[in-house]
Amino acid sequence: MTITSLYNIDHGMAYGLIIVAFPFFTGLSAGSFVVSTLSYVFGQERYKPIARTSVVLAIILLFMALLTLFADMTQPANFYWAIFRINPYSMFSLAGILIGLYLLMSLIYGYFIFNDNAPKARIMGILSIPVALAVHADTGFVFGLNYGTPIWHTALMPVLFVVSAIVSGLALLIVLTVIKDRLFSVVADKETVYSLGKLLAAFILVDLFLIFTDLVTMAYSGQEEYDAMILLTKGQFVVPFVGIEIFLGALIPVLILVLAKKNLIGHFIAGVLVVIGVFAMRYNVVIAGQTISKTGTGLVEFTGLTPTSFGYSHTAEILVVIGIFALGVILFLASAKYLNLDVVPMQANEKTVTSTESGQGGK
Amino acid sequence: MVIDLRKCVGCHSCAVACKSENNVPLGVHRSWVKQIEKGTYPNVAMPMLPRLCNHCTNPPCVKACPTKASYQRDDGVIMIDTKYCIGCKACIAACPYDARFINPKTMLADKCSFCDHRVDEGLEPACISTCIGRARIFGDIDDPESEVSRIKNTNNVVVLKHEARTLPNVFYINPDSDVMMHVTEGEEQGGRTE
Chain A
0 MTITSLYNID HGMAYGLIIV AFPFFTGLSA GSFVVSTLSY VFGQERYKPI ARTSVVLAII
60 LLFMALLTLF ADMTQPANFY WAIFRINPYS MFSLAGILIG LYLLMSLIYG YFIFNDNAPK
120 ARIMGILSIP VALAVHADTG FVFGLNYGTP IWHTALMPVL FVVSAIVSGL ALLIVLTVIK
180 DRLFSVVADK ETVYSLGKLL AAFILVDLFL IFTDLVTMAY SGQEEYDAMI LLTKGQFVVP
240 FVGIEIFLGA LIPVLILVLA KKNLIGHFIA GVLVVIGVFA MRYNVVIAGQ TISKTGTGLV
300 EFTGLTPTSF GYSHTAEILV VIGIFALGVI LFLASAKYLN LDVVPMQANE KTVTSTESGQ
360 GGK
Chain B
0 MVIDLRKCVG CHSCAVACKS ENNVPLGVHR SWVKQIEKGT YPNVAMPMLP RLCNHCTNPP
60 CVKACPTKAS YQRDDGVIMI DTKYCIGCKA CIAACPYDAR FINPKTMLAD KCSFCDHRVD
120 EGLEPACIST CIGRARIFGD IDDPESEVSR IKNTNNVVVL KHEARTLPNV FYINPDSDVM
180 MHVTEGEEQG GRTE
């Protein structure tokens with residue numbers, strides 16, 4: 000039997016590229032934060048050289064995530080109601096509170112790290128890790144609790160988000176450590192990068208397993224879930240999902256990390272691929288999720304949020320995301336210039352001197 | 000509200016009346032009629048489904064709203080307090096029925112309000128008074144003596160996405176299952192909704 004849709008109203012997609020960038024930034028932020036706590040909280044001394052970079056990165060990325068939220072609101076001037084009229088049932092409301100709390104706590108934590116106050120940094124770190132993970136798990140819940148959207152509505156969503164957050168945070172730190180090594184002639188601690196690489200490979204495998212279970216469950220569920228699975232694996236989203244997210248963003252980096260254990264450039268490439276793959280994952284969740292029509296018979300086309308209905312055109316959306324990204328890069332470069340990111344705290348004095356010199360070399 | 004699809008002729012006048020009553024801008028709709036074609040000639044049908052906000056008893060949009068701008072009135076109507084709306088679109092994503100949208104004029108979340116301004120004055124909603132087949136019946140579902148209660152309780156009624164536990168308050172009599180559900184268009188994925 001053939002069914003043709005003659006007339007139906009689809010109000011388009013509520014969320015566009017800006018909301019694709021939002022979980023991407025919060026994920027990177029939470030991931031970087033967890034990496035920065037590896038040395039101070041979990042006592043892994045070999046990760047100490049990257050603790051400062053990662054905490055600065057976590058704060059900047061969180062700021063960018065907040066900006067994306069504001070950019071996506073159609074009434075950003077009313078935002079204060081989200082603080083004064085908290086709705087405990089709303090994951091979006093909790094996201095705002097958690098992001099604010101996390102921003103405050105990571106600023107205090109960063110302050111302690113920059114003052115070489117290891118005991119206080121440890122306490123603050125222990126307090127902040129749950130908040131950092133909660134921010135991202137809550138982002139997962141923002142999507143996961145929507146019944147009408149089959150790709151989103153799964154109990155795995157918060158877990159997937161947290162795991163991919165850690166994956167992307169690790170990858171970003173590998174990339175930045177190698178860039179600093181090449182561009183700013185700061186000698187990167189190669190062993191740090193390699194051990195980060197091992198962690199990264201392990202977390203990618205966990206991520207792949209979660210995606211696999213999610214897809215299998217979708218294939219054995221109702222019509223909408225099945226359609227969503229087909230959409231991701233055979234349909235319109237085969238390139239961003241199978242091509243970029245699975246192959247380019249997960250399988251190839253794992254191969255590189257396993258085969259080229261002692262290759263700095265290999266780690267760099269793997270890191271870049273993973274960050275791209277995680278962005279593709281956010282795209283697949285947000286855009287592919289909304290592509291399955293809630294009440295219609297087919298697919299909703301992603302034409303961007305049209306100017307007449309949502310205030311942003313497709314181009315404007317892309318420009319907003321690029322602008323926020325560029326702001327983040329500027330903030331990071333500025334902090335790399337004015338803050339001493341490479342000082343290894345609590346170590347011998349000569350080490351501090353070398354890194355100060357290298358900091359000047361960067362200018 | 001009960002919509003008796005045995006009496007619906009598919010004239011779309013409910014959609015027109017809603018647009019003009021509530022000044023709904025171009026491109027967005029508070030109320031519309033979904034139509035599909037099914038079967039192969041000569042055994043064909045063109046089922047219709049008038050759509051509007053279901054004013055759920057257990058509304059996911061009200062739960063999703065971060066500022067409590069979306070709320071449930073004492074009589075069950077789901078309303079938006081525009082003063083508090085920040086335009087985060089959480090309610091639009093949460094609604095399983097695609098009933099909500101951002102109004103391009105006001106840039107606020109918008110949806111069917113059961114014509115609260117008319118109902119409060121004792122009038123019927125615009126779509127009810129314009130329906131030429133009297134397919135739509137509106138009233139107090141809690142009052143067992145009201146017309147809407149009698150019709151709802153003495154007919155086989157169904158609601159959209161019953162399994163979502165939203166407990167919708169728009170009941171349909173005699174709808175087609177293919178127009179009620181998400182159905183894959185054609186034989187393979189790839190068709191798109193108009």
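Chains as they are written, first to last, in numbering that gives the first Met the number 0: chain A, 0 to 362; chain B, 0 to 193.
Cβ atoms here follow ideal geometry from the backbone N, Cα and C, with glycine treated the same way.
For residue i, the first and last residue of its enclosing alpha helix (DSSP H)
i	result
S112 (chain B)	Where S112 (chain B) is concerned, there is no enclosing alpha helix (DSSP H), given that its DSSP letter is neither H nor E.
L330 (chain A)	313-337
T67 (chain A)	50-71
Y282 (chain A)	263-282
I140 (chain B)	First-last for I140 (chain B): undefined, no H or E at that position.
Y101 (chain A)	90-113
V1 (chain B)	Note, V1 (chain B): premise wrong, no alpha helix (DSSP H); beta strand (DSSP E) at 1-3.
H135 (chain A)	117-143
V285 (chain A)	Per DSSP, V285 (chain A) belongs to no alpha helix (DSSP H) and is neither H nor E.
T216 (chain A)	189-218
S128 (chain B)	125-129
K293 (chain A)	Run containing K293 (chain A): none; DSSP gives neither H nor E here.
C167 (chain B)	This sequence places Pro at residue 167 (chain B); Cys is not what is there. P167 (chain B) -> no alpha helix (DSSP H), and no H or E assigned at all.
I82 (chain A)	80-83
N86 (chain A)	Counting along the chain, N86 (chain A) falls outside any alpha helix (DSSP H), and DSSP gives it neither H nor E.
Beta carbon proximity, residue i to chain A, threshold 8 Å
i	result
C7 (chain B)	no
S12 (chain B)	no
I2 (chain B)	no
C94 (chain B)	yes
D175 (chain B)	no
K18 (chain B)	no
I85 (chain B)	yes
V27 (chain B)	yes
Q188 (chain B)	Note that Q188 (chain B) scores a pLDDT of 37, beneath 50, so its modelled location is shaky and nothing firm can be said.
V15 (chain B)	no
Endpoints, the beta strand (DSSP E) within which residue i is located
i	result
Y70 (chain B)	69-71
R39 (chain A)	A small fix is needed here, since residue 39 (chain A) is Tyr in this sequence, not Arg. Unbroken run through Y39 (chain A) is the alpha helix (DSSP H), 16-39; no beta strand (DSSP E).
R102 (chain B)	Here residue 102 (chain B) turns out to be Asn, not Arg, going by the sequence shown. N102 (chain B) -> beta strand (DSSP E) spans 100-102.
S4 (chain A)	2-6
F170 (chain B)	170-172
Per-residue contacts from residue i into chain A (C-beta, under 8 Å)
i	result
Y171 (chain B)	Correct list: empty, because the minimum Cβ distance to chain A is about 13 Å.
H54 (chain B)	Chain A residues near H54 (chain B): none, gap ~16 Å exceeds 8 Å.
H181 (chain B)	Q222, E223, D226, I291, S292, K293, T294, G295, T296
Chain-ordered neighbours of residue i on chain A, where CB pairs are closer than 7 Å
i	result
D88 (chain B)	One detail in the question is off: residue 88 (chain B) reads as Lys in this sequence, not Asp. In chain order: A13, Y14.
K62 (chain B)	Y88, S89
C-beta neighbour in chain B for residue i, strict 8 Å
i	result
Y101 (chain A)	no
S220 (chain A)	no
T294 (chain A)	yes
Listed by chain order, chain B residues near residue i by CB distance under 9 Å
i	result
G147 (chain A)	P59, A92, A93, C94, P95, Y96, D97, K160, A163
Neighbouring residues, chain B, relative to residue i (Cβ below 8 Å)
i	result
G95 (chain A)	P65
May I ask you to list, following chain order, the residues of the segment 78-92 of chain A that have a beta carbon less than 7 Å from some beta carbon of chain B?
-> F78, W80, A81, R84, N86, Y88, S89, F91, S92
Closer than 7 Å, Cβ to Cβ, to anything on chain B: give me those residues from the segment 2-36 of chain A, in chain order.
-> I2, T3, S4, L5, Y6, N7, I8, D9, H10, A13, Y14
What residues in the segment 118-145 of chain B bring their beta carbon closer than 9 Å to a beta carbon of chain A?
-> none
Within the segment 7-94 of chain B, ranges of the beta strand (DSSP E) (whole runs, at least 3 residues) = 31-39, 42-44, 47-50, 69-71, 77-79
Using Cβ-Cβ distances below 9 Å, what residues of the segment 32-43 of chain B are close to chain A?
-> V32, K33, Q34, I35, E36, K37, G38, T39
Scan the segment 204-231 of chain A for residues whose Cβ lies nearer than 7 Å to a Cβ of chain B and list them as they occur along the chain.
-> Q222, E223, D226, I229, L230
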